[in-house]
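Below: one structure, written as structure tokens.
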Amino acid sequence: MKVIMLGAPGAGKGTQAKMIADEYKIPHISTGDIFRANIKNGTELGKKAKTYMDKGELVPDELVVDLIMSRFAEDDCKNGYVLDGFPRTIPQAEALDAALAKNDDHVDVAIDIEVPDENIIRRMGGRRACTNCGATYHVVYNPPKVEGVCDVCGQKLILRDDDKPETVKNRLNVYHTQTQPLINYYKKKDILKTVDGTQDMNKVFADIKAVLG
Ligand code: AP5
Numbered sequence: 007m008k009v010i011m012l013g014a015p016g017a018g019k020g021t022q023a024k025m026i027a028d029e030y031k032i033p034h035i036s037t038g039d040i041f042r043a044n045i046k047n048g049t050e051l052g053k054k055a056k057t058y059m060d061k062g063e064l065v066p067d068e069l070v071v072d073l074i075m076s077r078f079a080e081d082d083c084k085n086g087y088v089l090d091g092f093p094r095t096i097p098q099a100e101a102l103d104a105a106l107a108k109n110d111d112h113v114d115v116a117i118d119i120e121v122p123d124e125n126i127i128r129r130m131g132g133r134r135a136c137t138n139c140g141a142t143y144h145v146v147y148n149p150p151k152v153e154g155v156c157d158v159c160g161q162k163l164i165l166r167d168d169d170k171p172e173t174v175k176n177r178l179n180v181y182h183t184q185t186q187p188l189i190n191y192y193k194k195k196d197i198l199k200t201v202d203g204t205q206d207m208n209k210v211f212a213d214i215k216a217v218l219g
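Note that this note's numbering has the sequence shown beginning at 7, numbered continuously upward.
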């Protein structure tokens, strides 16, 4: 099964993608997490990506496409994957379709998690992320057991640099101009499913499971 998560920054793509990955035993591939790991490790890719991410802009397509194609070649992708944060532009979606078509393959479903912008701004200020294992929390909606400490690996939780209000506003603008057109792209292919992302996260997941079967 090959699933794409669509939705604004903070809509809950990562939260739901992790739940899908656990339930359906497929890898969760987040381009944002891959970039953040590269930044942490001080790689050349990380240095390049950081200049865009800190401003809330998209990393250039060619860097993202090469990165994701090499990830697909890994063994755990044989039975599919859930993509979180990719594709994010029409050229990225076309590159994905072209790569899959070479093996007579295709994306099965694109899930759009709908959340209005005003909810997003509220959510982002409360998100806390683990820089070690990538787990995410929310100070109100999904708090860790011990404040500021990751439940999974015990490391410190941080507010992401790009979750500061001014950067969030720019990420939303970038989303509306460059990523939202993907909703029509997948609607035309008749594989788009929309879920209401303003509900409790377990209810959102129940709706996603109803879609995936
Ligand atoms: P990325 O890491 O992909 O960020 P994003 O798309 O902006 O998404 P987020 O991770 O911010 O949010 P999410 O939708 O996963 O929400 P989450 O589940 O955490 O990308 C970061 C940057 O990398 C980009 O800006 C770009 O520069 C670059 N990049 C990445 N991919 C790229 C690509 N393909 N091309 C070019 N550049 C790329 O939830 C958010 C918060 O809300 C959490 O605190 C969570 O606990 C809470 N929450 C979740 N669901 C609910 C709910 N139902 N109710 C209440 N709270 C909830």
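The beta carbon of each residue, even a glycine, is placed where N, CA and C say it ideally should be. Computed from a predicted structure; not experimentally measured.
Residue 191 and residue 152 have their alpha carbons spaced roughly 42 angstroms apart. In the assembly as shown, residue 214 is a buried residue. Its beta-carbon has 16 or more other beta-carbons within 10 Å. In the assembly as shown, residue 71 is a buried residue. Its beta-carbon has 16 or more other beta-carbons within 10 Å. Beyond the five residues adjoining it in sequence on each side, residue 26 comes within less than 6 angstroms, by CB distance, of 88 in the same chain, given in chain order. The three-state reading of DSSP puts residue 193 in helix, counting H, G and I together.
Residue 142 has 135 as its beta-bridge partners, per DSSP. Closer than 6 angstroms to some heavy atom of the ligand AP5: that describes the Cβ of residue 147.
A Cβ-Cβ distance of about 11 angstroms is found for the pair residue 90 and residue 17, leaving them out of contact under the 8 angstroms criterion. Under a 10 Å Cβ-count criterion, residue 185 is classified as buried, with 16 or more other Cβ atoms of the shown protein chains found around its own Cβ.
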